[in-house]
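Here's the structure we're looking at; comments come further down.
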Amino acid sequence: MSPRKKSAPVPTHTFRGVWPVVEGTGTATTDAELILQAIGDLPNVAHRHNATIVGPPRACIADGRRIPGSGGARHVVVIEAPAMPATGRGYRHNSGG
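Per the working numbering, the very first residue in the sequence shown carries number 300; after that it's consecutive.
Next up, the structure:
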């Protein structure tokens, strides 16, 4: 009997993360470096929003005035990726009784 292959998760949502570009801070010196840093942070940001990234991201740098969630930044890194709701941790809170 051959082992069953696990099928890839099927995305149910598109997760969008927005990172403000703040001149004079951070370590990125090019747009590509900014995008790579944001992609590296994407799983953590998604987790904080109860999402799991399940596919390749798409990224760009955009005019912050046109992007909801920019916080007033002039430019932002925007990343969208296929996602699913994060699964629960499987534990229960005891009522103390």
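In this text, a Cβ means the ideal position worked out from N, Cα and C, and glycines have one as well. Here the structure is a predicted model, which means the values were calculated and not measured.
For residue i, I'd like the list of residues in its chain whose CB is within less than 6 Å of its CB, leaving aside the five on either flank, ordered along the chain.
i       : result
Thr-313 : Glu-379
Ile-342 : The sequence given here has Pro at residue 342, not Ile. Answer for Pro-342: Ile-352, listed in chain order.
Let's see if you can read the secondary structure: which residues bound the alpha helix (DSSP H) around residue i?
i       : result
Arg-373 : Here Arg-373 belongs to no alpha helix (DSSP H), and DSSP marks it neither H nor E.
What would DSSP say about residue i, mapped onto helix, strand or coil?
i       : result
Glu-379 : strand
Thr-311 : coil
Any heavy atom of the ligand GDP inside 8 Å of the beta-carbon of residue i?
i       : result
Val-321 : Ligands displayed in this structure: none; no statement on the ligand GDP is therefore possible.
Problem - Residue ranges of each alpha helix (DSSP H) within the region 318-377, 4 or longer - result: 330-347
Handout entry: Three CB pairs or more closer than 8 Å across the region 319-331 and the region 341-357
Key = no
Handout entry: Inter-stretch contact (C-beta, 8 Å, three-pair minimum) for the region 316-323 and the region 369-379
Key = Enough Cβ pairs lie closer than 8 Å, so yes.
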